[in-house]
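Have a look at the structure below, then the notes.
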Amino acid sequence: MQPDSEQKPRNILPDCIIPALALVFTVYYLTTITEVPWISQASAIVVSGLLLLSILAFVIRSAWRIRQHQETLQIEGTLRVLLGEGPLVGKRIALLILAIAYVWFIDSLGFTLITFIFVFSSIILLSSRDNWKTALKVSLSCSVIGYFVFIYLFKTRFPSGFIEHWLKGVL
Amino acid sequence: MIPDLSLFFGLLGEILGYWWIIIPATILGVVVGAIPGFSAANTIIILLPITLAMEPATGMIFMVALYTASRLGAGIPAILVNIPGTAGAAATPLDGYPMAVAGRGQQALAISFVSSVSAGLITTIAAIILIPWLSQVAFHLHSVEMIVIMLFGISLIATISAEDKIKGLIAGLFGLMIGYIGADVVYEAPRGTFGFLELYDKVPLIPALVGLFAISEAFVVIERSTILTKQGETHQQQAGWGPTFEGIRATLVHWKEVIWTSLLGLVIGVIPGAGAAIASFVAYQQSRLLSKTPELYGTGHIPGLIAPESANNGVTAGTLIPLLIIGVPGGATAAIMAVVLEYHGVNFGPDLFETEPLIAYGSFTTMLVTYVLLGLMILPLTRYFSHVMVVPTVYMVPVLIAFTLVGSFVPRAYVFDMGIAIIFGIIGYIARRTGYHVAAILIGVILGPLLEIYFLRALRISQGDLTTLFSSNIGNTLWVLLVLSLIIPGLKRYRSKTSVNKKQQRQ
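From first to last, the protein sequence lines stand for chains R and Y.
All residue numbers for the first sequence refer to my numbering, where the first residue is 1 and numbers rise by one.
All residue numbers for the second sequence refer to my numbering, where the first residue is 172 and numbers rise by one.
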């Protein structure tokens with residue numbers, strides 16, 4: 001094992017994302033409670049104060065460690081920490097886009113069809129096009145079982161599209 | 172009211188005659204408990220037309236069996252895929268999932284089932300014996316005491332973030348702030364809602380849970396071929412029935428842990444509005460505090476799995492007590508039970524145990540029967556459930572994302588909630604990649620609104636006097652216990668460090 005002094009400083013820019021999000025949200029939150037009665041503010045002010053103190057402690061600790069060359073702040077390598085390396089980067093981003101599309105289109109296409117499309121395309125994305133037969137079997141099973149269990153048996157109010165309307169008429 | 176134990180056990184034969192309703196309700200309960208969003212409360216709501224058409228006692232037996240089984244079912248995905256089926260199982264993955272990843276999923280499931288069934292049986296009988304005293308608990312615990320109980324749960328944030336306290340605090344407090352989104356309970360003033368009407372009623376819990384655990388985990392595990400580690404895969408392939416028996420044995424060895432955490436769950440369950448999530452967080456925190464090996468918690472430590480599972484099953488019997496004795500439901504499912512029974516003209520109160528013994532005593536007897544049935548039915552399935560772990564992630568991840576996202580839609584039927592799940596998924600993913608504990612964020616999101624409700628009530632009742640927080644004897648005792656529970660781990664660490672230093676100096 002190398003001695004501490006020879007170790008490469010750790011990039012802590014990715015570690016700053018959660019405190020930054022927390023800080024932005026807290027500031028926004030505090031702007032929304034300026035006109036409510038103090039009793040409604042009290043609990044949030046205490047918690048936000050503690051949160052801001054914790055973020056301050058994080059900043060001071062990081063600054064001290066940067067001075068000691070134990071940590072560093074670099075844009076380079078930040079994406080690698082967050083998304084991984086090689087084909088994983090594209091897969092993660094594409095999977096996120098597919099998940100957002102799933103939510104976006106579920107209201108218009110309905111649960112059954114959008115689940116089939118999402119599961120099929122996600123399996124192809126994560127494996128390969130050669131895997132289309134298994135992808136088809138899994139995605140068809142998911143949407144058919146999902147329809148019968150949740151919509152037909154449990155009468156769950158899942159978003160309906162033309163398939164659900166058609167099946168309702170048939171069944 | 173003096174409980175009649177002979178009547179309670181005497182009803183066993185009669186309740187067993189309802190096997191035709193208990194068995195399907197139990198199976199359904201396990202299934203809906205295991206799917207995030209499909210809680211017992213939601214399922215009973217969906218099946219209201221059926222339960223309302225039944226005789227009141229039959230309906231109650233159906234609801235109690237389903238509720239009991241759902242509590243146990245929630246632990247299954249929490250252990251196998253790091254996705255708690257309900258908020259009550261949110262502390263289960265802390266040690267259950269690391270066990271599963273290491274190829275000990277089958278053992279973890281057996282531990283979870285045996286703890287749950289034992290806790291259920293213990294607390295059901297304890298509830299019947301202690302009804303006269305337990306029914307008084309809610310009268311003595313007001314907003315001030317509840318604030319301290321919430322803080323016990325919140326202090327778990329510090330416990331689970333032992334590696335980096337500052338990061339743990341940031342995650343937990345960020346979660347608390349997110350929990351404060353929405354209109355406050357006293358003045359209905361909207362706060363931090365980004366202008367979305369859907370957030371006026373607080374951040375919905377299931378989408379937060381789905382996002383922080385399921386979605387974020389799905390994005391992390393795609394870099395592996397299965398959820399298991401290489402060592403875990405080997406372990407899993409070699410597993411026969413051995414791990415199930417090991418799990419049963421390990422739980423029985425920790426029988427004291429099962430008893431005290433389940434009784435803790437029972438007492439917390441009696442408090443209206445407290446619920447399984449608080450019980451499991453408090454039990455986990457206290458179990459770690461009292462442990463001789465606290466550093467093992469979070470790494471797949473058996474008592475760390477037993478504590479939350481016993482506590483959240485202990486809550487089940489507790490929630491029925493205020494409902495049956497004073498007509499105040501202890502939780503969401505009990506509230507729906509109240510609606511069904513009131514529809515049939517059932518009057519709650521101590522007299523119910525004399526006028527409608529099949530409903531009053533029968534509810535607890537049903538619970539007992541359901542737990543025995545669960546023990547017999549589900550333990551043999553541990554070996555097969557654990558095979559979920561070897562499903563390749565290329566198939567598991569898309570299915571998980573699709574069904575958990577839809578699960579987040581179910582409680583309120585808003586597509587908006589699916590969007591919330593994705594946002595929490597992104598936050599959870601970043602947190603996981605950068606060393607922030609997602610469970611700390613979730614504890615904040617779950618307990619934040621509850622803490623605020625009790626805080627606002629306490630201040631409202633005392634007309635803004637902050638000294639009210641220290642105005643009751645029970646509250647002050649709880650404050651002292653809270654402070655001690657925060658100080659003791661530090662003192663223990665200090666003592667062990669100094670003893671190690673002294674030993675080194677001697678050498």
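We treat Cβ as the ideally placed atom computed from N, Cα and C, and that holds for glycine.
For clarity, every value in this text was computed on a predicted model and none was experimentally measured.
- With respect to chain Y, the C-beta atom of residue 63 of chain R has no partner C-beta closer than 8 Å.
- Sequence-ordered contacts of the segment 28-60 of chain R with chain Y read 28, 29, 32, 33, 36, 37, 39, 40, 42, 43, 44, 47, 48, 50, 51, 54, 55, 57 and 58 [C-beta pairs closer than 7 Å].
- By the criterion of a C-beta distance shorter than 6 Å, residue 491 of chain Y is surrounded in its chain by 534, once the five residues flanking it on both sides are discounted.
- With a beta-carbon spacing of about 7 Å, residue 295 of chain Y and residue 542 of chain Y fall inside the 8 Å limit used to define contacts.
- For residue 24 of chain R, the number of other beta carbons within 10 angstroms of its own is below 16, and it is reported as exposed.
- In the DSSP assignment, the residues bridged to residue 11 of chain R are R/72.
- Taking 8 Å as the threshold, the shortest C-beta distance from residue 219 of chain Y to chain R does not fall below it.
- In this structure, the beta-carbon distance from residue 584 of chain Y to residue 67 of chain R does not fall below 8 Å.
- For residue 26 of chain R, the enclosing alpha helix (DSSP H) starts and ends at 17-32.
- Between residue 55 of chain R and residue 44 of chain R, the C-beta gap is not smaller than 8 Å, which leaves the two residues out of contact.
- Under a criterion of Cβ atoms nearer than 7 Å, the residues of chain Y adjacent to residue 19 of chain R are, in order, 341.
- No Cβ of chain Y is located within less than 8 Å of the beta carbon of residue 73 of chain R.
- Not one beta carbon of chain R lies nearer than 8 Å to the beta carbon of residue 320 of chain Y.
- By the C-beta density criterion, residue 338 of chain Y is buried, having at least 16 other C-beta atoms within 10 angstroms.
- Using a CB distance below 8 Å, the part of the segment 82-106 of chain R facing chain Y consists of 82, 84, 88, 91, 92, 95, 96, 99, 100, 102, 103 and 106, ordered along the chain.
- Listed in chain order, the alpha helix (DSSP H) runs fully inside the segment 397-446 of chain Y are 401-409, 413-424 and 426-441, counting runs of at least 4 residues.
- Straight across, the Cα-Cα distance linking residue 106 of chain R with residue 114 of chain R is about 6 Å.
- In this structure residue 499 of chain Y is not in contact with residue 234 of chain Y, their Cβ atoms being roughly 17 Å apart against a cut-off of 8 Å.
- Assignment of residue 353 of chain Y by DSSP, reduced to helix, strand and coil, places it in the strand class.
- Relative to the Cα of residue 413 of chain Y, the nearest Cα in the group Y/557, Y/297 and Y/396 belongs to Y/557.
- Close to chain R, meaning a Cβ-Cβ distance shorter than 8 Å, are the following residues of the segment 608-626 of chain Y: 619, 622, 623 and 626.
- Of all residues in the segment 640-657 of chain Y, none places a beta-carbon less than 8 Å from a beta-carbon of chain R.
- Under the 8 Å criterion on CB atoms, residue 605 of chain Y is classed as interfacial with respect to chain R.
- Contacts between residue 115 of chain R and chain Y, judged by CB atoms closer than 7 Å, involve 573 in chain order.
- When Cβ-Cβ separations below 8 Å define contact, residue 586 of chain Y makes contact with chain R.
- In the DSSP assignment, residue 240 of chain Y falls within the unbroken alpha helix (DSSP H) covering 227-244.
- Leaving aside the five residues that flank residue 102 of chain R on each side, the residues in its chain whose CB is nearer than 7 Å to its CB run, in chain order, 114 and 118.
- Under the Cβ distance rule, residue 14 of chain R counts among the residues neighbouring chain Y, one pair being separated by less than 8 Å.
- Sorting Y/183, Y/417 and Y/378 by C-alpha distance to the C-alpha of residue 573 of chain Y places Y/378 at the top.
- The way I'd put it, the segment 347-359 of chain Y does touch the segment 618-625 of chain Y; three or more beta-carbon pairs between them come closer than 8 Å.
- In the structure shown, residue 583 of chain Y adopts coil according to DSSP, grouped into three states.
- Between residue 486 of chain Y and residue 450 of chain Y, the C-beta spacing is below 8 Å.
- Residue 278 of chain Y sits buried, since 16 or more C-beta atoms from the chains shown fall within 10 Å of its C-beta.
- Fewer than three Cβ pairs drawn from the segment 450-470 of chain Y and the segment 292-308 of chain Y lie within less than 8 Å of each other, which leaves the two stretches out of contact.
- Closer than 8 Å to the CB of residue 138 of chain R there is at least one CB belonging to chain Y.
- Residue 258 of chain Y places its beta carbon 8 Å or farther from that of residue 368 of chain Y.
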